[in-house]
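What follows is a set of notes on a single structure, which appears directly below.
Rendered as structure tokens:
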């Protein structure tokens, strides 16, 4: 059940904004009070129902979207950044995000979606997917790229929230530029998708053999970083607020260490394709029942874990030919 808009006290409000046809159901958008007008943490999915929920939810507290001073986006994904552009059009607000994600948003806006499907099919073939896995609908809703931000943040920067101290904490992994936001004057932290109370965010490697990047190692390092912070209340973008940031961060680290062991157990001196290895892992739904889009994301997750095993000296690529094959080092 979707929660109601809520006054959290201390000049802070939360508004659940629906994500159509998505099991996450909603994004929690937060509004932080300031003398110049409220600053939103994330904005929600670009959809008319989502816009209505955001507008009316803020209105519950006497906030007009036209009065919004700024939108700081935890990361570029559409359920977080989708409505930021419309808020800016309505209010003249600035949009801010980490410079690594800002670069991705600029690329999306320059390239468009024309070559996206071809790119995906090439990646699937390199992973070792059969031709039967490449046909049929992807069951993915195409969305417009997010609005290009006006401002870019780096680790430790203070967000422009007059009268408040809202500090950007760079937590790469889920995206290269994911940030948490520490509300120092309120003993709270907005964690976006980085730390959620019951689930873990998708950590994937795109394309599957991208060199010199290791998103899972980045994510584990980011979890270690926030686990050392002393913060009272955790305000994630999905599910519900909670306490115990360090404990939850360490739980997620433990989950991925178990997953790394599961991936390593499927490796042997004989080469295995990325696709076959992915099919052998445990997933929420059985592999034969997974749609193409779900399998593509699963392969990206497996590739991220393999990259970390490569970094740790446990696994290695077997040659450079297609498809991608891996062996124990």
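Residue numbers (the numbering used here): -6 to 322. Where a beta carbon is used, it is the ideal one built from N, C-alpha and C, also for glycine.
Counting along the chain, the unbroken beta strand (DSSP E) around residue 22 starts and ends at 19 to 25. The C-alpha of residue 298 is placed about 16 angstroms away from the C-alpha of residue 264. For residue 211, the secondary structure class from DSSP, reduced to helix, strand or coil, is helix. DSSP places residue 90 inside the beta strand (DSSP E), whose first and last residues are 87 to 91. Judged by DSSP in its simplified three-state form, residue 263 adopts coil rather than helix or strand. For the stretch 146 to 224, the continuous alpha helix (DSSP H) assignments of 4+ residues that do not extend past its boundaries occur at 208 to 220, in sequence order.
In the same chain as residue 54, and ignoring 5 residues on each side of it, the C-beta atoms closer than 8 angstroms to its own belong to -2, 0, 6 and 24, in chain order. The stretch 32 to 42 and the stretch 59 to 79 touch, with three or more beta-carbon pairs separated by less than 8 angstroms. Closest in alpha carbon position to residue 290, among 184, 122 and 314, is 122. For residue 147 against residue 92, the beta-carbon gap comes to about 6 angstroms, under 8 angstroms, which counts as contact. Inclusion of residue 120 and residue 238 in the CB contact set at 8 angstroms is not warranted, their separation being larger than that value. Taking 8 angstroms as the cut-off, the Cβ atoms of residue 152 and residue 64 do not count as close. The three-state secondary structure of residue 294, taken from DSSP, is helix.
Going by beta carbons, residue 194 and residue 233 fall outside the 8 angstroms limit.
Collapsing the DSSP output to three states places residue 14 in coil. Just so you know, the alpha carbons of residue -6 and residue 254 end up roughly 35 angstroms apart. Secondary structure remark: continuous beta strand (DSSP E) runs of at least 3 residues inside the stretch 21 to 87, in chain order: 32 to 34 and 63 to 65. Pairing residue 149 with residue 288, the inter-Cα distance amounts to about 37 angstroms. Fewer than three Cβ pairs drawn from the stretch 205 to 214 and the stretch 152 to 161 lie within less than 8 angstroms of each other, which leaves the two stretches out of contact. Between residue 62 and residue 29 a beta carbon distance of about 4 angstroms is seen, short of the 8 angstroms cut, so the two are scored as contacting.
About 5 angstroms separates the beta carbon of residue 320 from that of residue 311, a gap short enough to meet the 8 angstroms contact definition. In the DSSP assignment, residue 320 falls within the beta strand (DSSP E) that extends over 318 to 321. Approximately 12 angstroms separates the beta-carbon atoms of residue 192 and residue 167; this is outside 8 angstroms, ruling out the contact.
Annotated three-state conformation of residue -3 is coil, per DSSP. Under the three-state reduction of DSSP, residue 305 is assigned to coil, being neither helix nor strand.
Counting other Cβ atoms within 10 Å of its Cβ, residue 256 reaches 16 or more and is therefore classed as buried. Between residue 210 and residue 301, the C-beta spacing is below 8 angstroms. With respect to residue 127, residue 183 sits apart: the two C-beta atoms are not nearer than 8 angstroms. Spatial neighbours of residue 242 in its own chain (CB-CB distance under 8 angstroms, excluding positions within 5 residues in sequence) are listed in chain order as 188, 216, 217, 219 and 220.
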